[in-house]
Every structure is written in structure tokens, then in C-alpha cells.
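S.K.:
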Ligand SMILES: Nc1ncnc2c1ncn2[C@@H]1O[C@H](COP(=O)(O)OP(=O)(O)O)[C@@H](O)[C@H]1O
Ligand SMILES: [Mg+2]
């Protein structure tokens, strides 16, 4: 068994304690159960003070001796067992891989432990919340996407990496960026810029925006994966850097910002480790089309889904602020949305040379 | 239809137009006419009976050849006297008088054969068997003998060894019914078998199978009409007495028997008993399913009888008796005043030998004591001095007495005269029935035995007896469950206490067999019986069907489309025993819709249904528990492995602990689930019938 670091030891201990609790229950002739915080909208609230979406205190007991729960109970321990092995062997794997690791036919029946990955993914999330261990601590990752450059040196599994010398592609952000994997070294960064899209991020990299502005630029290919979000959160918390978010002017863009800021409903239990409540929305704003004289022919008509989505957002408690209400209402009113690339209409480097510098200078952002 | 016409035309050629003979007796013509191997023409002596001589004449030669229809003498050619005004007179009284005469019994039979159950060769086969079997069972019961019956159908198209091609469609068949009953005294045999409307049961109020006393001689008549062959009887009344063999024909003109053969036999294998042999034109191919059913159901409703059944080209089928106990003897009772009809009252009065009305009422009716008789007369305002004969002659007087009879409070008739099958014997009957029957599951179509349909579509139901299903794993049957031919059936039976309708005592019984090999997605099988006689026809017109349809079977865990019989793997037996079973028609095929009877059947069905619901609920629970247990057991292995891997603790110890909790949890949950299901079903039972709007 490889020597374990503190985090891994803690995780293994949690899994063992869960299993011990089951042994104790059946020894005492009790129906064994696993207690799982409920991950649904009903058990989520917005903590105004902290500015994040948080899981409530409602828990659900998953019993073994209950026809509708027995299978999930069994699955929970299959996954626990597999994760313990991963952690102990110092290996990390994808959740898809875990599905294959734990899938087998039960006894001489025609039943499988898992029929589809759709069955095992929620079990992983259940385990995360009930153990209070992040997926990464269980040595699991979802998908890897996202890249980053900036005036900072890091250590990734023992390798020193200078993010000032990453060429055009940047450093691929791994899905697990916990401190046992990634540590931060010397840096001159003043802030972090999270960009929605890979293409726009490439423009910023090519224009050496980060060098000029002394900032870290990072992109997550749309909705940022956990690795990117956790990286931003750690940079923000550990290096005390402000976070700016640059996304398309559409409901999806707003949503990416809101997840970055408050955490998602689905992963509310990780908000504290993922969300940056002070993150600032620098654009694209619904009012930029006038401010930056974007011609209407670069606008995209919103469809019914977009409008409904935007309307929904008006009700989010973290968008209750008057300025946010105006921002969203303007989008609904105009019935059009814009991609970041629309700014290229004003020149290919308009976004890096004029748009963003002006925004930052004018403190023209939303929080 | 076309075939009938053709047959009729063919007949004309063979016999020629009938001259002005006043009456034709079959006795005169039949032997001469019966060909050695009669073809279709002899098989069908008459197409639909003509309704009048006139109608026959207008139909031309095809109508005239019908032997049994009177051909009137040439009518006078004179034109009728024409009145000054009004419609033209067509006939004078004198002319009409020439057409007025006594109706011969053969004519009556020919015209009314459909009323008697001989409307076509398929049905005639069944009716012939039925009449003989009913008589055998009645006689055995009355004599106190455990019946052993042999029913045989022989296809004369086959050779002596029973080999060859089965007759397709109509043909000659021999029906044999033999019993070990009391036998019939020599002197009575001719009248019983050679005279219509001669019997022992017509004049008595007693639960019995035969009622009209028309039975067996009508079958003899049918045989004689269609084949020219006499009925053959062998009978012996006891040990040391000789057996006699008779051949009897009916003189249709005089309705009198003609004994054509009377032999004393040296030996006969039966110590006592009767053997009846009839040669008839029948249709075995289409008729057999009805005969099969009749035989099966007769065995079912008569668990004290052993029945052997022999059919052409099929192995012998035997229904062994399920009990050595004879049914309780059905006693003869006097009619109850509340049940008597005005006409019957007048007839009884006129035939009374009593000197006064009081005496008449007391002797003729049950439950009439001197004070009751006095009360009746007082209510009618009739003096006791009045002679019964006067009542018989005076309709108004009789009506007053009749009303008083109805209105006076009189004790219900004695009900000890009834002989139901009984709970236990019904159960045993069902078990042995299910053990022997070949046909399982409902009939095709709407489950009605419809002879007309059957003729178009020959019964394709073949015996399934050879196809033995693989024996399922041995399970210990629960209470009320019988394991038959590898299937589990739940059987419940209910015998209601006797009740009275219109002064007639009656008793209702219901039995059901659920599960087994009955199809789960078809309408249930409804077996109807009246005085132990299966009712095979007119299901939808029957009061029993109405009662079962009106019962809400959804309360008893079966599905039931609105206004229909329930759907499910079940056979339901309904039996009514009564001294006088009210039928909708002379054919005695469907029970009349008397509210008192319908209600009783419903009550019995509900009682049975409750037992069924309890069983189904228990079974569902047991299935659920078994399934549950196996789920737990399956997962325990996995959980024990995982936890063993995580903690390093003994896998076996973990598994043991889990299994121990499993036992305990299952027990506790069982009780809780029981309660829940009980409550749910209670709610269900209280739920009102779905509204009309909610079509199904
Ligand atoms: N197999 C038999 N054994 C003894 N008696 C019989 C038998 N068949 C008929 N009988 C007697 O003949 C009578 C007439 O029978 P049937 O014509 O069928 O009329 P029903 O059965 O209605 O009385 C019966 O009442 C019975 O007394
Ligand atoms: Mg009879």
C-alpha cells in the first residue's frame, strides 16, 4: 500500500467508518442505513451572507432492508469499496471507468449491480455528500477540459510548471486540482479572468493580454468543469485575487456566471469549495450593444427557450439586485442575444485592446 | 338452408305427392320408407314445421310432402256469399269446420320440436342424452342407489370395431344410457317410453330433474321419426328377477306404445338397472362439445355419481364419484298458498274430494291449519259451506279466494324438501371435475354455447387430456387450495339457507375454482345448474348470469368490464335447487328473473367472492414477500463482500448478521404489510361502483 497523504488518509477513514456503522447496525439486529443529505431544490437555500447556494440540513436514510432502497444501498458500498481501493493505490479514474469497475452480474441471477452509468453517477454524488468528501478526494473525475495561462508557477504532481511558457494551447487544467495534487508557487498576477469560450480565450492568449494586464486567463469550454471551478476558487482564496467572468450575452452566459459565483443546484454541497461569491460579471452586458455600437446584424434572435430561461433567472435570489434585474429585463425586452465574438465586428482585437480594458477601468461590471 | 330445400325436393321424388289421406301415421309409413342406409332425405323428415294447412298448400309440392302435416280435403269451389257492404267473406263456418279437428301428438311434436330441444341434429343428440341421464339420476336418487352411469355415443358410420371415417355432419348415431337404478316394472315400460306426456314427476311438487314428463318418450319419438328405429330398453328390477328387453314404437296417431319386441333375457350384467338405446339422426361433429360439457358438468353437480363416457374414436372417459354419500332425499311437498295461480287453484278445487272449502285448503296446500283456513275464508268473504267444486266453476269466486290466499299471512313452506349439493360436496365435485375434464378455459367467442354458430364453425376444441403439462415444483398447497394435474386451484363454496319465492322453496349455491390453468385474461367460465342439471344454452338470458354480472367483482380482486361477467382465471358454479325452478321458457335453458332469486344468487356470490379476495390478497402478499426475500438475499452477498473489503472483517460473519436481520425484518414487515393491504382492500370494498360516464 502506497504511503498516503493526509487527505487520502482522511478519505479512507471516512469510508471505513461508514462500513463499520453498517456492521454495528446488523450486529445489533438493526436495519442498517446510510444517511444522505438530500440534493434537491427543496433542500437548497441561498446563503445571502456567504453569497453561495448551500445544502440544507435535510437528510434521507437509505436502508438496506427496504425493497426500493436495497439496491442503492448495495451500490453505495460497491462504489465505496472501489473508491477506497483507488485512494489507497493512489490512482485516479473517470466516473465512467468506475461504472465499469463496479459493474458485474449478481450471483447466479440475471441482474447486474449497475445497468447503466446513469445509475452509478448519482451514487457517487450520494457518497460524496454522505462522506463529506469531494469527488476529487475519492480519486474520481468527470471530464477534463479547460486551459489556463498567466504569470504564475505551479507544481502538478511534483512537476514544476511555469504558466508563462505554455505556448498557444496553455496548460490543460486537470480535473483534480486539490492541494495534494496542485500547489501554487511564485506569481505576479493581479486578477483572474474566466472566459466562457476556448476561441475567445485563444484571442486573449495570442494577444498576450495576460502579460500586459498581469492576470491569469482560464477557460472551461462553456460550463466550466469542476477542475476549472475548483482551480479558480483556490487561486481566488489562496492568492487573494479577484475573479472576473467574461461570457456571452445570453441566459446560458448568465448561468455560467451564477454557477461560478454561487455554485450549482446540483452540486450545492460543494459550493463552499467551488464558488467565488465575489466574482464579477464584466460582460457581455445587455447594454453593451448600445455602449459599444454593435450592429443589429450580429445579434441573434432569442428563441422561446431563451426567453423562458431568462424569465426564470429573474426569480433567482442572487439576481435580486436591481442592476441584475435591469440587465436580464433588457435582454428579454430586446429579444436578442450576442456572442462574445460579435465584438470582433469592431476589430479583431477590439475585445482585448479596448472592450475589456475600458470595462475594468470604468469598473463597469455587475456583482 | 339451401341444403334443406334440396332435401325437400329430393323427398318429393322419392315419395311422390301425398294424396288426400286424412292422417298419416309414422307407424304405417316409416318402416317402408326407411332406406337401408338413409341419406339426407330420411334424416330430415321435415323442414321448418308449417304453421297451417293453408300455408302448406300455398307452398306447393315441396310443402305438401311433409308427411306429418295434415293435408285437408279439397275445399268447396263455391264462391263465398258476398255481403252487401264490408269486406268480402272468405269462408263460411261450414267450410271452416272441415279444417277443425283433433291434433295428433306426432303433429304436435313435429311442430314443437324446437320447444322440446330437438330443433336440429346437434341439439337433438344432446337432448336425447340429457333426457335419459336425467331419468337415470332421478330414479337412482329416489330409490336410494349410488348411481353408476354409462353414456355411450356410437357412430353408425364406423364399422363394428369402431374403425373408419367419422360421419361428417348429420348421420345415424346410437345413444346408449345405462344405469344401475331400480329398474322399471315390465308393465310400465311401454307407456314410459312409448307415450308422450306420461311420467311420474309432473303431478308432484318435488325437486327433481325432469318436470314435464315429456322427456324420454319425446327422444324415442325423435329417433323413430328420423331413423324409423324403435327405442330399445333393457331393464331389471332386482336380483332373482328376470331382465326384459323391449323394442317400442309409438303409434303417433293414438299416442300409444306399440311393443314390437318383448324378450325375457337369461342373463344381464346389471343386478338392477335400466339400459336405454336409441338410434337417432344426429350431428356428432358439431354436437360433441355440448355433449362433452353436459357430461362433465353433470358429473360436477352430481359428485355422488360415477359416470363413464364412451365416444366414437376416443378413449373412455370416467368420472369417479367423489362421495359415497347419497344426496339428502328431496321430499315431496304440497304447494304453498302463496305460489298457486288462479287457473291451478280452480283445477285443484274442481278435482278436490273434500266436502268443504276448509278441508280442501288444508289438504291441498302446505302450512294451512284449520285456523289459517278459517282466516283465508274470512278474508275472502266466502262461507265454508261452499263446495270446492263451485270454486272450480266460478271464476269470480275463485279470484276472491285466490286474492285471500295471497294476502293472508301464512307460514313459509317447509324447506326440508330441498336437496342442495352442499359446501363440501360442491368442493369435491369441483376437484374431481377439474381432475378429469378435457376442455379448459372459456369457449371461443363470447363463451356462449350457440348451436347455430357452432354449426357454421365446427367445434375445434379437441381433447387436451393427452397434453400433460410439465409438473411445476412441488408447493405445499395452502388452505382452500387444491393441487390438480400440476396446477393449484383455490376453491370456495357457499350454500345459502333455503328461501322462498312465490311460495316455492329454493336454495342457492355458488362455488368457484380460481387459478390453475384457467386463462387469466378471459371472461370467467360460468357453470349454471338447476336441480343439478347443467344449463348449457341461453347464457345471456339467464337470471344467474344477471346476478353474477350485477355483482361487483372488483371488490374481490377481479377485473370486470361494465355490464359483463368478471375477467379472470376462474370457473364459477351457480346452482339453484327448487321444487319448481322458474325457467324463461319450456326449453328450460335459462332461469327466470325473479328478484328474490337474483338477490340470493348475488348474496352467495358475494360470500364466495370475499373468500376469493382474502385468498388473492394473501397470495399477492406471499408472492411479494418471496420476491422481497430473494432480493435481499441476492444483495446481501454483494454488500457483505464490499464491507469485508473495506473493513477487513469476516465476510461470513457479516453475511450471517445480515441474514439474521433479514428474518426478523421480513416478519415485522409482513405484519405491517398485512395491515396495509387489509386497509386498502377495505377501502376498495367500500368504493362505489364507477359512474356511467367512466366507460371501460
Ligand atoms: N332409467 C329409469 N329408471 C327408472 N325409472 C325410470 C327411468 N327412466 C324413466 N323412468 C320412469 O319413467 C317416468 C317418465 O320419464 P320421463 O318420460 O322422462 O318423464 P319425467 O322424467 O319428467 O317424469 C319417470 O318419471 C320415471 O318414473
Ligand atoms: Mg325425464
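Chains as they are written, first to last, in the numbering used here: chain D, 47 to 413; chain F, 1184 to 1879.
Using N, Cα and C, we set each Cβ at its ideal position, and we do this for glycine too.
#1: Output needed for residue 1347 (chain F): all residues of its chain with C-beta closer than 6 angstroms, excluding positions within five of it in sequence on either side, in chain order.
#2: Would residue 1638 (chain F) pass as an interface residue toward chain D - the criterion being a Cβ-Cβ separation below 8 angstroms?
#3: Run through chain F and tell me which residues come within less than 7 angstroms of residue 227 (chain D), C-beta to C-beta.
#4: Run through DSSP, which three-state label would residue 1405 (chain F) get?
#5: So which residues on chain D does residue 1315 (chain F) lean against when the C-beta distance must stay under 8 angstroms?
#6: Which chain F residues are close to residue 157 (chain D), counting only those with a beta carbon under 8 angstroms from its beta carbon?
#7: Going by the DSSP bridge assignment, what does residue 1742 (chain F) pair with across the sheet?
#8: Can you tell me which of the three DSSP states residue 1736 (chain F) falls into?
#9: Along the chain, which unbroken stretches of the alpha helix (DSSP H) at least 4 residues long are found entirely within the region 112-200 of chain D?
#10: List the residues of chain D whose Cβ lies closer than 7 angstroms to the Cβ of residue 1841 (chain F), in chain order.
#11: Thinking residue 1709 (chain F) and residue 1678 (chain F) are a contact (beta carbons under 8 angstroms), I'd like their distance in whole angstroms, please.
#12: With 8 angstroms set as the bound, which would you pick, yes or no: does the beta-carbon of residue 1834 (chain F) sit closer than that to a beta-carbon of chain D?
#13: Can you tell which of D:379, D:349 and D:346 has the C-alpha that lies nearest to the C-alpha of residue 360 (chain D)?
#14: Would the beta-carbon of residue 130 (chain D) fall within 8 angstroms of that of residue 61 (chain D)?
#15: Can you give the Cα-Cα distance for residue 1591 (chain F) and residue 1521 (chain F), rounded to whole angstroms?
#16: Just verifying my parser: in three-state terms, what is the DSSP assignment at residue 1600 (chain F)?
#17: Which value, in whole angstroms, describes the spacing of the CA atoms of residue 1696 (chain F) and residue 1505 (chain F)?
#18: Please tell me whether, using a cut-off of 7 angstroms, the distance from the CB of residue 1457 (chain F) to the nearest non-hydrogen atom of ligand 3 is below it.
#19: Please return the same chain residues whose Cβ sits closer than 8 angstroms to the Cβ of residue 294 (chain D), not counting the five positions on each side in sequence.
#20: Flag this pair as touching only if the region 148-166 of chain D and the region 58-76 of chain D have three or more C-beta atom pairs under 8 angstroms; answer yes or no.
#21: How about residue 324 (chain D) and residue 363 (chain D): are their beta carbons less than 8 angstroms apart?
#22: Can you tell which of D:375, D:96, D:344 and D:233 has its C-alpha closest to the C-alpha of residue 352 (chain D)?
#23: Count the other CB atoms within 10 Å of the CB of residue 367 (chain D); is the residue buried (16 or more) or exposed (fewer)?
#24: Could you check whether residue 230 (chain D) and residue 200 (chain D) sit closer than 8 angstroms to each other, using their CB atoms as the reference points?
#25: Consult DSSP for residue 1767 (chain F) and reduce its assignment to one of helix, strand or coil.
#26: Tell me the DSSP bridge mates of residue 203 (chain D)?
#27: Report the start-end ranges of each beta strand (DSSP E) in the region 50-108 of chain D that is 3 residues or longer and not cut off at the edges.
#28: Tell me, which residues are paired with residue 1684 (chain F) by DSSP?
#29: Could one say the Cβ of residue 184 (chain D) lies closer than 8 angstroms to chain F's Cβ atoms, at least one of them?
#30: For residue 127 (chain D), which residues in chain F fall below 7 angstroms Cβ to Cβ?
#31: Ignore the nearest five residues each way along the sequence and tell me which others in residue 157 (chain D)'s own chain have a CB closer than 8 angstroms to its CB.
#32: Enumerate in chain order the residues of its own chain whose CB-to-CB distance from residue 1803 (chain F) is below 6 angstroms, with the five nearest sequence positions on each side excluded.
#33: Is it the case that the CB of residue 1367 (chain F) approaches a heavy atom of ligand 1 more closely than 7 angstroms?
#34: Going by alpha carbons, who is nearest to residue 1369 (chain F) out of F:1537, F:1720 and F:1455?
#35: Taking the alpha carbon of residue 1599 (chain F) as the point to measure from, which residue in F:1517, F:1503 and F:1819 has its own alpha carbon closest?
#36: Going by the beta-carbon positions, is the gap between residue 1334 (chain F) and residue 1376 (chain F) smaller than 8 angstroms?
M.R.: So, from the listed chains and residues:
#1: 1341
#2: In this prediction, residue 1638 (chain F) has a pLDDT of 38, which is less than 50 and means its spatial position is unreliable; what the coordinates show is noted afterwards. No, residue 1638 (chain F) lies away from the interface with chain D (no Cβ there is under 8 angstroms from its Cβ).
#3: Those do not exist, as residue 227 (chain D) stays about 24 angstroms from chain F at its closest Cβ, beyond 7 angstroms.
#4: helix
#5: None at all; the shortest Cβ gap to chain D is about 59 angstroms.
#6: 1817
#7: F:1750
#8: helix
#9: 116-135, 141-148 and 163-177
#10: 72
#11: Not quite, the Cβ-Cβ distance comes to about 18 angstroms (not below 8 angstroms), so this is no contact.
#12: no
#13: D:379
#14: yes
#15: 9 angstroms
#16: coil
#17: 16 angstroms
#18: Of the ligands this structure carries, namely ligand 1 and ligand 2, none is ligand 3.
#19: 242, 243, 330, 383, 384, 385 and 386
#20: no
#21: no
#22: D:375
#23: exposed
#24: yes
#25: coil
#26: DSSP output for residue 203 (chain D) lists no bridge partner at all.
#27: 79-83, 90-93 and 98-101
#28: F:1687
#29: no
#30: 1825, 1828 and 1829
#31: 151
#32: none
#33: yes
#34: F:1455
#35: F:1517
#36: no
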